[in-house]
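Visitor:
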Amino acid sequence: MSAPDVLVIGGGPAGMGAALEAANSGLTCVLVDESPELGGQIYRAPLPEAEQAMSPHPHGAYLRQKVRESSGIEVRTGCSAWGVFEGPEVPVSSEGSTIVYRPKALVIAPGAYEFVPPFPGWTLPGVMTPGAAQILVKTMGIEPGKRVILAGTGPFLPAVASQLVRAGVGVTAVLEASPRHHWWTLPWHGFRTPSILREGLGYLATLRRARVPILYRRGIVEVRGGERMTHVAHAPLDDHWAPNLSRREEIEADTLCVGYGFVPRVHLAQSAGCELEFRDEQGGWVPRRDAEFATSVEGVYSVGDGAGVAGAWSAESEGRIAGLAIARRLGALEPGDFDRQQRPWRTKLDRLTPIRRALDRICRIRSGLFESIQDDTLVCRCEELPWKTVRSAIDFGADQFRSLKVATRLGMGPCQGRFCWPATSRMIARQCQVGVEQVGPSSARPPLRPVSLGCLASMDEEAR
Amino acid sequence: MVSMISFQLDGETVRCPPGLTVAGALFRQGCLAIRQTSSSAPRSLFCGMGVCFECAMTIDGRPSVRACVTPVKEGMVVTTQRGPADLGPGS
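As you go down the protein sequences, you meet chains V and E in turn.
The numbers in the first sequence follow the working numbering, run straight up by one, and end at 516.
The numbers in the second sequence follow the working numbering, run straight up by one, and end at 119.
#1: Given a cut-off of 8 Å, decide if V:Gln426 and V:Pro172 are closer than it, judged by their beta-carbon atoms.
#2: Would E:Leu94 be called buried (16 or more neighbouring beta carbons within 10 Å of its own) or exposed?
#3: Quick one: what's got a C-beta closer than 6 Å to E:Thr41's C-beta in the same chain, skipping five residues either side?
#4: Using 10 angstroms around the beta-carbon of E:Met32, count the other beta-carbons present and answer buried if the total reaches 16, otherwise exposed.
#5: How big is the Cα-Cα spacing for V:Val298 and V:Asp332?
#6: Please confirm if the region 210 to 225 of chain V is in contact with the region 383 to 392 of chain V, defined as three or more CB-CB distances below 8 Å between the two stretches.
#7: Nearest chain V C-beta to E:Ala84 closer than 8 Å, yes or no?
#8: My output table needs one value for V:Tyr353: the three-state DSSP class, helix, strand or coil.
#9: Give me the residue from V:Gly62, V:Gly197, V:Val488, V:Glu423 with the minimum Cα distance to V:Asp451.
#10: With three or more C-beta pairs closer than 8 Å as the rule, is the region 147 to 164 of chain V touching the region 102 to 112 of chain V?
#11: Taking any Cβ of chain E, which residues in the region 465 to 480 of chain V have a Cβ under 8 Å from it, in chain order?
#12: Roughly how many angstroms separate the alpha carbons of V:Thr245 and V:Glu73, rounded to a whole number?
#13: Considering Cα atoms alone, identify which of V:Ile373, V:Gln485, V:Gln322, V:Leu99 is closest to V:Glu138.
#14: Establish whether the CB of E:Arg56 and some CB of chain V are separated by less than 8 Å.
#15: How long is the line joining the alpha carbons of V:Glu147 and V:Arg433, rounded to whole angstroms?
#16: Kindly indicate which three-state DSSP category V:Phe208 falls into: helix, strand or coil?
#17: If you follow the beta strand (DSSP E) that V:Gln27 is in, where does it begin and where does it stop?
#18: Along chain E, which residues have their Cβ under 9 Å away from the Cβ of V:Gly526?
#19: Of the choices V:Phe453, V:Ala257, V:Ser87, whose alpha-carbon is the least far from that of V:Trp473?
#20: Between which two residues does the beta strand (DSSP E) containing V:Ile272 stretch?
#21: Starting from the Cα of V:Glu141, find the closest Cα among V:Cys131, V:Ser132, V:Val152, V:Trp134 and give me that residue.
#22: Starting from E:Met32, find everything on chain V with Cβ-Cβ shorter than 9 Å and list it in chain order.
#23: Tell me where the beta strand (DSSP E) around V:His283 begins and ends.
#24: Could you tell me which of E:Ser72, E:Pro45, E:Arg90 sits nearest to E:Val106, measuring between CA atoms?
#25: Using a C-beta cutoff of 8 Å, does V:Gly183 count as contacting chain E?
#26: Where do the N-terminal and C-terminal ends of the alpha helix (DSSP H) with V:Leu456 fall, by residue?
#27: Are V:Glu203 and V:Gly252 touching if we call contact CB-CB under 8 Å?
#28: Look up V:Ser504 in the DSSP assignment and say whether it is helix, strand or coil.
#29: What in chain V is Cβ-close to E:Met104, meaning under 9 Å?
#30: Within 10 angstroms of its Cβ, does V:Gln186 collect 16 or more other Cβ (buried), or is it exposed?
#31: Are there 16 or more other CB atoms within 10 angstroms of the CB of E:Ser119, so buried, or fewer, so exposed?
#32: Helix or strand or just coil, what does DSSP make of V:Ile417?
#33: Taking CB distances under 8 Å as the criterion, tell me whether E:Thr108 reaches chain V.
#34: Could you check which residue in V:Ile373, V:Lys190, V:Arg250, V:Ser419 has the C-alpha nearest to that of V:Asp290?
#35: Leaving out the 5 sequence neighbours to the left and right, which residues in its chain are closer than 8 Å to V:Gly465 when beta-carbon positions are compared?
Quick look at the structure:
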């Protein structure tokens, strides 16, 4: 058992921000992350021996440096926190051993993962998330394929597409589900954040120079292939993102990067007993939080994309404010100093709100997205469950995570429903004509990560 | 000059530069089918960040290790899983 003042789970911008502020106020802090290096997905660093990597993001490198320099922060990478028990008590396992932490305050900052709806052929090798392709090319200098198509919605698509282009990867097209004129409204909403607009325009310019077309109001309807995908079929979408199959087109491609925004990783917060609320525009179920990002559970904070998708700049600000709030709560910071120190981060957060809201509106998942699914399309990748099996269970009344799990095994594979449930819950809502919030979140039961029995056995007496 | 390391993939020796994940090293070889499901369907890298478990492989005797978050090391023994993971005797 170890009892630091603060335990931070997740070493992305949110987690690093929280740890830095808590440690600056004199608190002892442990920062754990699953990856070999801090940074999260956005500031992911290449492995130390990597020679073919692109240079890491300068702000990510700056944060990592600051964390390393801080004497109050103990960094533990390559470790998984696999549950939050009353206290809060958090078991953290690395190869073969487990330490249980009992911090005075816990910060949950696990980030988000991509939302991918099922469509025919989506399990074929070559179909991956834009994030997966980005990691291959950015941190290892490896081509995901020779002819790459990116599809889905959101600013992450042109960002990854332009990184692929700059690395010399052949990008055939980018398919964006929303109409072009919605994107034209962004300069109006983003005039207070010109650096973000500039970044976006930079991606578009790179794509234009490389003659990579961006096709708006287009979506994937099928991927074909054998041992590897060979063709992508796409079609124009209506206002609800339903494809017009009579105008279906096929293009040759060996790689499809598909992502329709992000889903917050709320399993740890759920495991802690935090109340969740449904925020469609932030990626779905998120922990309910107060103005300083405290959850409904005493001493448990949740920050960054894992508490509602809003991007790296918001994430760091949230983390900083939560870190300061914890310092005030534990008596390490005077209320007046708290007010003064949180102000710049609060201002930053406020400045980001208009462009964030505009993007949320443009990229919100529309219900027509699920219309290309066929009877034999796999819905749960882990358990290889086709839509017809899941649909008939829904028709029999299995319209919640638990009942569908019992009826079909959906969500019982190693990903624990992380990939199937966000889409399935929306398909249930569509089928039963109810709101997604009525369908409910998936459940989260520890261990949230596979843990060996040896790891459990190594826990100290007191913790068991 | 890039120093190379070598590891075993299903009994064959594969050489690659250091600093890659196992999934990265496989992609570099053009070997995409990382796993076979119970119904013999090929699966490959999908989320790339350790969430989906599609890239589960047996690495140095440990079953269902995520190839996308595991750095490749000199002398590593990597085996493709066909069907459910072999959890060893008694499973």
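Built from N, CA and C at the ideal position, the CB exists for glycine as well.
Guide: Quick look at the numbers:
#1: yes
#2: Before going further, note that residue 94 of chain E is Arg rather than Leu in the sequence given. E:Arg94 comes out buried.
#3: Ser34
#4: exposed
#5: Residue identity check: residue 298 of chain V is Ser in the sequence provided, not Val. Their Cα atoms are separated by approximately 31 Å.
#6: no
#7: yes
#8: strand
#9: V:Val488
#10: no
#11: Gly465, Pro466, Cys467, Arg470, Phe471
#12: 24 Å
#13: V:Gln322
#14: yes
#15: 27 Å
#16: helix
#17: The first residue shown for chain V is 53 and the last is 516, placing residue 27 of chain V beyond what the model contains.
#18: One cannot answer for residue 526 of chain V here, as it falls past the ends of chain V, which runs 53 to 516.
#19: V:Phe453
#20: 270 to 277
#21: V:Val152
#22: Those do not exist, as E:Met32 stays about 11 Å from chain V at its closest Cβ, beyond 9 Å.
#23: 281 to 288
#24: E:Arg90
#25: yes
#26: 453 to 460
#27: Here residue 203 of chain V turns out to be Ala, not Glu, going by the sequence shown. Cβ atoms of V:Ala203 and V:Gly252: not closer than 8 Å.
#28: coil
#29: Result: empty, since nearest Cβ-Cβ is about 14 Å, beyond 9 Å.
#30: buried
#31: Unreliable positioning characterises E:Ser119 in this predicted model, as indicated by a pLDDT of 40, which lies under 50. The coordinate reading is nonetheless provided below. E:Ser119 comes out exposed.
#32: coil
#33: no
#34: V:Ser419
#35: Cys432, Arg433, Cys434, Glu435
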